[in-house]
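Position 234 of the sequence shown, counted from 1, bears residue number 234 in the UniProt record's numbering, the numbering being contiguous throughout. What follows is a short report on a single structure.
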Amino acid sequence: MVDQNNPPLFNTYKSFFSHQPSDQHRMAETDECELPLIDLSCLKNSQAQMIQCKRDIVTASSVWGFFQVVNHGIPEELLEKMRSIMVNVFRRPFETKAKERLFDFSPHSYRWGTPSATSLKQLSWSEAYHIALSPSPQQEKQSTRQTIEEFATLMSNLAHQLSSVLSEGLGYEGTYLKDSCTCNTCYLRLNHYPPCPIIDEVFGLIPHTDSDFMTILVQDQVGGLQLMKDGRWIAVKPNPNALIINIGDLFQAWSNGVYKSVEHRVMSNPHLERFSVAYFLCPSYDTMIQSQTEPSMYRKFTFKEFRQQVQADVKLTGHKIGLPRFLA
Ligand SMILES: C=C1C[C@]23C[C@@]1(O)CC[C@H]2[C@@]12CC[C@H](O)[C@@](C)(C(=O)O1)[C@H]2[C@@H]3C(=O)O
Ligand SMILES: O=C(O)CCC(=O)C(=O)O
Ligand SMILES: [Fe+2]
C-alpha cells in the first residue's frame, strides 16, 4: 500500500491546485511507438554486421535521439537487485529519506517534487536520489553500495562503448569521450513515481532534455515515458529486455546538431507506482564542449558553465532553458 503522504506532494503544492485551472497537458490520444531496436551482440559478429549495427546506432541518434538496446550485457539478476534496492529505499518513511543517511542515500542526494516550481506544469510528481559515482574507499562496503557500484560500472562500460561508436560516426577517435568522461561527474538517478490522484494536471517528470552526453535508462513495465518526435509527443512502449539510450545536450552541441537531445517527459499514473534508474554520462567540469565543424551552432562552453546556467535558470524561472542559451 502506497502512503499518499510519502513524499507529501499533495499537501506541499496544494496552493497550485486551488488557484489555477487545469493545464490539460494530457493529450486525448498519444501514439505509442517502439523505439529503434539495436541488438548489441551484432557488434561482436561479422565485420558486415558490426558496421551495420554502428550505422543503426548513428542513424537512431540523429533521427530519434533515442533508441533501445538488447543483449546489453547487464545481467537480469543485477537489474532485479537494483529494483529491490529502489523499492526498499523509497518505501522508507518520508522523514527518514529527507533527514537521515542510510547506505549511500544521504538526505542531500534526495529530491522530491520541484522546489523551484511556481505552477503545476513545473511540478514533477516524483522523488529521486542522485548518486554520485566518484570512487569510494574499498574497505567495508555495504552490500547496497557494492551492488550500485557493480551496476554503475557496467552502465559506464556500455555508455563508453556506445559513445565511442557515436564519436567514430562523426569522424573522431573513439576514445575522445572516454578521456573526458571520468566517473567523478557521472551519476545515477533513481526515480520513483508514486500513484498520482490528479493525473490530468501534473507530470511524473516535467518535459526536459538531459544535461549530459548520453543517458542509459532502465524502466519497469508500467510505462509513461514519452518523447517529442516531429512535433508530437509519443509514448515509448516498455520492452522488458531492453535498456533505453538517449542523447543529451552535450552530444548535441559537440556533434553540431547531428545527434539530437530530444525533449522527454514521464506521465503520471493514477494506480501504479513506477521505478526507473538512469545513468548519466558526463565529462569533467572543465571539459570544453566545442564542435569541430563550421559553422558551429553553439558557442564553446565548459560543462561547468552549462550546469551552472541550467541551475540558475531553474532557480529563477522554474524551468531549464539549456542549449538555446548557448547558440552562437
Ligand atoms: C526542474 C528541473 C530539474 C531538472 C531540469 C528541470 O527543468 C526538469 C527536469 C530535471 C532534470 C531531470 C534529469 C536530470 O537529473 C537533470 C540534471 C536534467 O537535466 O533534467 C534534472 C534537472 C536538474 O536537476 O537540475
Ligand atoms: O523515468 C523515466 O522514464 C525517465 C527519467 C528521466 O528522464 C531522467 O531521469 O532524466
Ligand atoms: Fe531525462
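Glycine included, each C-beta is placed from N, C-alpha and C at the ideal position. None of the values given here were measured: they were computed from a predicted structure.
Beta-bridge partners of residue i, as assigned by DSSP
i, result
"residue 44", "None, per the DSSP bridge assignment."
"residue 229", "232"
"residue 110", "129"
"residue 214", "247, 281"
"residue 208", "264"
"residue 287", "Residue 287 pairs with nothing; no bridge assigned."
"residue 196", "Partner(s): none; residue 196 has no beta bridge."
"residue 275", "192"
"residue 124", "203"
"residue 53", "Answer is none; residue 53 lacks a bridge partner."
"residue 39", "70"
"residue 34", "Its beta-bridge partners do not exist; DSSP assigns none."
"residue 219", "276"
"residue 187", "132, 280"
"residue 327", "298"
Between the CA atoms of residue j and residue i - distance to the nearest angstrom
i, j, result
"residue 94", "residue 156", "31 Å"
"residue 278", "residue 40", "19 Å"
"residue 315", "residue 280", "21 Å"
"residue 124", "residue 261", "20 Å"
"residue 284", "residue 6", "35 Å"
"residue 129", "residue 106", "9 Å"
"residue 195", "residue 244", "23 Å"
"residue 67", "residue 37", "6 Å"
"residue 9", "residue 202", "11 Å"
"residue 327", "residue 297", "6 Å"
"residue 176", "residue 163", "9 Å"
"residue 147", "residue 309", "33 Å"
"residue 325", "residue 46", "44 Å"
"residue 215", "residue 113", "21 Å"
"residue 154", "residue 99", "31 Å"
"residue 80", "residue 293", "43 Å"
"residue 72", "residue 13", "40 Å"
"residue 306", "residue 299", "11 Å"
"residue 252", "residue 212", "10 Å"
"residue 197", "residue 75", "35 Å"
"residue 295", "residue 288", "17 Å"
"residue 77", "residue 151", "11 Å"
"residue 62", "residue 182", "25 Å"
"residue 199", "residue 271", "10 Å"
"residue 291", "residue 257", "9 Å"
"residue 180", "residue 50", "26 Å"
"residue 259", "residue 167", "10 Å"
"residue 238", "residue 43", "24 Å"
"residue 186", "residue 159", "11 Å"
"residue 48", "residue 65", "24 Å"
"residue 149", "residue 131", "10 Å"
"residue 2", "residue 16", "23 Å"
Presumed contact (8 Å Cβ cut-off) between residue i and residue j, rounded CB distance
i, j, result
"residue 205", "residue 265", "6 Å"
"residue 224", "residue 269", "6 Å"
"residue 226", "residue 236", "7 Å"
"residue 58", "residue 241", "About 23 Å; that fails the 8 Å criterion."
"residue 276", "residue 219", "4 Å"
"residue 56", "residue 234", "So it is not a contact: roughly 19 Å between Cβ atoms."
"residue 246", "residue 286", "Not really, about 25 Å apart at Cβ, beyond 8 Å."
"residue 102", "residue 188", "About 16 Å separates the two Cβ atoms, so there is no contact after all."
"residue 118", "residue 318", "5 Å"
"residue 208", "residue 320", "6 Å"
"residue 120", "residue 255", "Not a contact, Cβ separation roughly 35 Å."
"residue 172", "residue 126", "That pair is no contact at about 36 Å."
Taking only runs of the alpha helix (DSSP H) that begin and end inside the segment 143–180, which ones reach a length of at least 4 residues, in chain order? 143–169, 176–180
Entirely within the segment 287–325 and at least 4 residues each: give me those alpha helix (DSSP H) ranges in chain order. Correct list: 303–317.
Enumerated in chain order, which unbroken segments of the alpha helix (DSSP H) with a length of 4 residues or greater are wholly contained in the segment 64–113? 76–90, 94–99
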